[in-house]
Amino acid sequence: GYDGEAVGFDSVTLNKTEEKDSSTQTTEFAESGVSSQTNVSKETGSSVTAEDLNAQEEVLKEYPPPLLTEFLRRVVPKMLDQLEISDKELLYNSSDSDEEEVLNAKLFQEIKLSDLPGMAGGDQSRCILDMSWSSAGNSIAVSVGRFQHKNWCVEDGLIRIFTIKRTAGDTFVRTLDLTEKSCVTKLLYHPSVSALLAYGTGSGEVVICNLSNLDAILLTSPAGAHDSKRVTGLHWADPTLANIFLTMFIMSTGKRRGASDQILISAGCDGTINVWRVNASQKIFENIICYCLNGSRNMNGVNITCFDFIKTYPLRPSEEKVADDIFVVGEASGPLYLCKIKTYQPIVDSKCVDPVYEVFQGHIGYVLDVAFSYQKPGVFVSASIDSEVRIYDINQPSPLKVINIDKSVSCMSWLPNNPSVIVLGLAKPDSQLLQCMSDRRSGFKW
Numbered sequence: 527g528y529d530g531e532a533v534g535f536d537s538v539t540l541n542k543t544e545e546k547d548s549s550t551q552t553t554e555f556a557e558s559g560v561s562s563q564t565n566v567s568k569e570t571g572s573s574v575t576a577e578d579l580n581a582q583e584e585v586l587k588e589y590p591p592p593l594l595t596e597f598l599r600r601v602v603p604k605m606l607d608q609l610e611i612s613d614k615e616l617l618y619n620s621s622d623s624d625e626e627e628v629l630n631a632k633l634f635q636e637i638k639l640s641d642l643p644g645m646a647g648g649d650q651s652r653c654i655l656d657m658s659w660s661s662a663g664n665s666i667a668v669s670v671g672r673f674q675h676k677n678w679c680v681e682d683g684l685i686r687i688f689t690i691k692r693t694a695g696d697t698f699v700r701t702l703d704l705t706e707k708s709c710v711t712k713l714l715y716h717p718s719v720s721a722l723l724a725y726g727t728g729s730g731e732v733v734i735c736n737l738s739n740l741d742a743i744l745l746t747s748p749a750g751a752h753d754s755k756r757v758t759g760l761h762w763a764d765p766t767l768a769n770i771f772l773t774m775f776i777m778s779t780g781k782r783r784g785a786s787d788q789i790l791i792s793a794g795c796d797g798t799i800n801v802w803r804v805n806a807s808q809k810i811f812e813n814i815i816c817y818c819l820n821g822s823r824n825m826n827g828v829n830i831t832c833f834d835f836i837k838t839y840p841l842r843p844s845e846e847k848v849a850d851d852i853f854v855v856g857e858a859s860g861p862l863y864l865c866k867i868k869t870y871q872p873i874v875d876s877k878c879v880d881p882v883y884e885v886f887q888g889h890i891g892y893v894l895d896v897a898f899s900y901q902k903p904g905v906f907v908s909a910s911i912d913s914e915v916r917i918y919d920i921n922q923p924s925p926l927k928v929i930n931i932d933k934s935v936s937c938m939s940w941l942p943n944n945p946s947v948i949v950l951g952l953a954k955p956d957s958q959l960l961q962c963m964s965d966r967r968s969g970f971k972w
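Mapping of the sequence shown onto this note's numbering: residues 527 to 972, in sequence order.
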């Protein structure tokens, strides 16, 4: 039976087995470490006591003087705020003085054109039609011709180029004459390529001349541009504007753009504005788009006198962002046409398009110039032979301000480094600085 007790005994096996244990090293392994000190820091300090300051007065024995910290804490923030306000007022506003401020300028050189026939007056009188500085600043191009023609222009046009020469005492010297079969009404150097000169003629031609290679063939617009009528304006596009038109060119043609492609814009008195793709090295001169103002409305052609494109800056605050495809056009009878680059109406039986989307209340006479502000988004100014300067915002059809000038105005330009000052050329002849936001004027006499 089972008595509940465990029984134990030794168990011995009769078969013998051998047990082996071995190990191998397959690869050699080594470990090493190197440390370095990359920089060294050192701290020094100093302290000063009232005795070190040789204080003579009782108040200087405490350093800093009592209540100084509290005084600075109260005063410094207010001073900084006031300085910030003063800086803004200095940039945008003028003083309250009613006295006329006269600025003086020194005549550098008077260039004579008396050797040309007709410059002295008479029935066949000739005058300077246009001029342009090169971007290098050492050359100036002058167009000479007749200002008015009874019918078609049959006069020979002349462009005379003057360059500063050290051998002539750092004065302008005549270096080149370019002739055309009709008067050269507009000419304009490229803003960055100083050897590239564009000009338009009285017969509607637009020509590109590379002054660094006078043996090269001149690039000329196709026949019939601007309906063979007078070219009234030229404009080299800045990189931002050029990218807009080159993108339009790629989308419409499927062609690739060249690295040195430039955009030239020309306007004519027939109411058309042509945008040209230009590449002097590859001999390319082709039309991207032709705008015809009021072409879709079956109205009379617009006699374009001037135009300008809006200035855009990507880093502007969001509240100052404006559309980047707007341009304004001035006309001989006074209206101002607001147009869009990429939004337009087709014209029946024509390759041109109508870009006009709004007409602003304009002048009562010939518009001499229009120009968008460099720093005020969407603001532009116009000047007319009625001696009025008008300031507009693209979002408001009526002018923000109308300024009457007591002398005849001949030309106008914004001052680039000040958002509210324009320079007027007067017929006396004088120049005048006009602060548009305050009506303050200062004469500029020669």
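For glycine and all other residues, C-beta sits at the position ideal for the given N, C-alpha and C.
Alpha carbon of residue i to alpha carbon of residue j, nearest angstrom
i, j, result
"Leu894", "Ile743", "34 Å"
"Leu633", "Ile654", "19 Å"
"Lys866", "Asn739", "37 Å"
"Val804", "Leu864", "26 Å"
"Pro717", "Asn736", "14 Å"
"Thr773", "Ser859", "34 Å"
"Asp880", "Leu684", "34 Å"
"Ile690", "Gln608", "48 Å"
"Leu941", "Lys638", "29 Å"
"Phe833", "Gln635", "31 Å"
"Val732", "Ser792", "8 Å"
"Gln871", "Ser822", "7 Å"
"Gly730", "Asn826", "19 Å"
"Glu812", "Phe853", "22 Å"
"Glu615", "Arg783", "No answer about Glu615 holds up, because its pLDDT of 47 lies below 50 and its placement is not dependable."
"Gly856", "Phe597", "60 Å"
"Glu914", "Leu952", "12 Å"
"Ile890", "Gly797", "19 Å"
"Val949", "Ser665", "22 Å"
"Lys568", "Asp850", "56 Å"
"Cys816", "Thr869", "13 Å"
"Arg672", "Lys707", "13 Å"
"Val896", "Ala806", "29 Å"
"Lys781", "Asp741", "29 Å"
Presumed contact (8 Å Cβ cut-off) between residue i and residue j, rounded CB distance
i, j, result
"Ala667", "Leu723", "6 Å"
"Val905", "Ile917", "7 Å"
"Gly728", "Thr711", "5 Å"
"Gln887", "Pro843", "Actually they are not in contact, since the Cβ atoms of Gln887 and Pro843 sit about 30 Å apart, beyond 8 Å."
"Cys795", "Asn829", "5 Å"
"Thr831", "Thr758", "6 Å"
"Phe688", "Val699", "6 Å"
"Ser660", "Tyr715", "5 Å"
"Gly824", "His752", "The sequence shown places Asn at residue 824, rather than the Gly named in the question. Not a contact, Cβ separation roughly 20 Å."
"Asp656", "Leu713", "5 Å"
"Ser876", "Cys818", "7 Å"
"Ile734", "Phe775", "Contact doesn't hold; Cβ gap of about 17 Å is too wide."
Buried or exposed (CB count within 10 angstroms, at least 16 for buried), residue i
i, result
"Tyr725", "buried"
"Glu884", "exposed"
"Met605", "exposed"
"Gly571", "exposed"
"Trp678", "exposed"
"Arg600", "exposed"
"Pro765", "exposed"
"Arg692", "exposed"
"Ala763", "buried"
"Met938", "buried"
"Ala749", "exposed"
"Leu593", "exposed"
"Lys996", "There is no way to answer for residue 996, as the model of the chain reaches only from 527 to 972."
"Gln788", "buried"
"Val670", "buried"
"Val602", "exposed"
"Ser658", "buried"
Proximity of residue i and residue j at Cβ, strictly below 8 Å
i, j, result
"Tyr900", "Lys847", "no"
"Ala662", "Ser720", "yes"
"Asp682", "Thr701", "no"
"Val882", "Asn820", "yes"
"Ile911", "Tyr892", "yes"
"Phe835", "Phe898", "yes"
"Lys809", "Leu862", "no"
"Trp802", "Ser754", "no"
For residue i: DSSP bridge partner residues
i, result
"Trp659", "Ile666"
"Ile685", "Ser669 and Leu704"
"Asp880", "Gln871"
"Thr766", "Bridge partners of Thr766: none, in fact."
"Met605", "Paired residue(s): none; Met605 is not in a bridge."
"His761", "Ile791"
Contact test: residue i Cβ vs the ligand ZN heavy atom, cutoff 7 Å
i, result
"Val874", "With respect to the ligand ZN, the structure shown offers nothing to examine, as it has no ligands at all."
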